[in-house]
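Q:
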Amino acid sequence: MSAPARAALTEAAFRSAARHWPTGVAVLTVRWAGVEYAKTVSSFSTLSLDPPLIGVAVSHRSPLTAAVRAAGRFAVTVLGEQQAALARRFATPGAGRAVGHFTDLTVLADPVDAPVPAGAPAWFDARLHAELPVGDHLLLIGEALAVGEGTDRPLLHHAARYRQLGPELPRNDLPAQGVDA
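The sequence shown begins at 86 in our numbering and counts up one residue at a time.
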């Protein structure tokens, strides 16, 4: 049996390999000085239960980073299967400063301090807890102050395409005793 092909570690090779990891799709939002900012992200994770921490990575060049620092708050909305158009809207380069992007969008009201699109499977309203430089990105760590849940299934991103969650595997397809390594 031959070993899998190993590509030279270039940015293109790294990006190509990373496309094999499916991820959820979320929108990071912040409101500061009367301006709403938003960006589609796929690098979101829960980090801790006690305290309740979330993390999201954003390009250090994004106008969102300065806005989050200044506001000290942000929200992350997990997008649903029916929200691919919204993901595309805020994924557009230069869409980070979302002036006018929320005028036709229904958003939740209090207790959220940043705009949260309605109809999402979940959302997290957070206070900036810490930031960590990670290469060309900044990991924003937030302490969740409020959360909410909807009923839609999450939107996924895999191989540079938006996707839907497939059917659940039958329980009898799973190993009974675990997997031998």
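Note that CB positions come from ideal geometry on N, CA and C, so glycine has one too.
1) Tell me the rounded alpha-carbon separation between residue 144 and residue 106.
2) Where do the ends of the alpha helix (DSSP H) carrying residue 96 lie?
3) From what residue to what residue does the beta strand (DSSP E) around residue 148 run?
4) Do the segment 93-105 and the segment 152-163 meet, that is, are 3 or more Cβ pairs less than 8 Å apart?
5) Starting from residue 212 and walking both ways along the beta strand (DSSP E), at which residues does that stretch end?
6) Counting only the same chain and skipping the five closest in sequence on each side, list residues whose C-beta sits under 6 Å from that of residue 216.
7) Hey, residue 213 and residue 157: beta-carbon distance below 8 Å or not?
8) Might you give, ordered along the chain, the residues of its own chain that have their beta carbon closer than 8 Å to the beta carbon of residue 191, omitting 5 neighbours on each side?
9) Please state the DSSP three-state secondary structure of residue 238.
10) At which residues does the beta strand (DSSP E) containing residue 138 begin and terminate?
11) Expressed to the nearest angstrom, what Euclidean distance is found between the alpha-carbon atoms of residue 161 and residue 147?
12) What residues match up with residue 129 in a beta bridge as DSSP calls it?
13) Tell me which same chain residues have a C-beta within less than 8 Å of the C-beta of residue 245, skipping the five on either side of it?
14) So which of 238, 242, 209 has the shortest CA-CA distance to residue 252?
15) To the nearest angstrom, report how far apart residue 241 and residue 171 are at their CA atoms.
16) Within a Cβ cutoff of 8 Å, which residues of the same chain sit near residue 165, ignoring the five residues on either side of it in sequence?
17) Going by the DSSP bridge assignment, what does residue 248 pair with across the sheet?
18) Starting from the Cα of residue 119, find the closest Cα among 193, 198, 167 and give me that residue.
A: The answer reads as follows:
1) 20 Å
2) 96-103
3) Not the beta strand (DSSP E): residue 148 falls in the alpha helix (DSSP H), residues 148-156.
4) no
5) 207-219
6) 223, 225
7) yes
8) 202, 203, 204
9) coil
10) 137-144
11) 16 Å
12) 141
13) 104
14) 238
15) 13 Å
16) 204, 205, 206, 235, 237, 238, 239, 240
17) 241
18) 198
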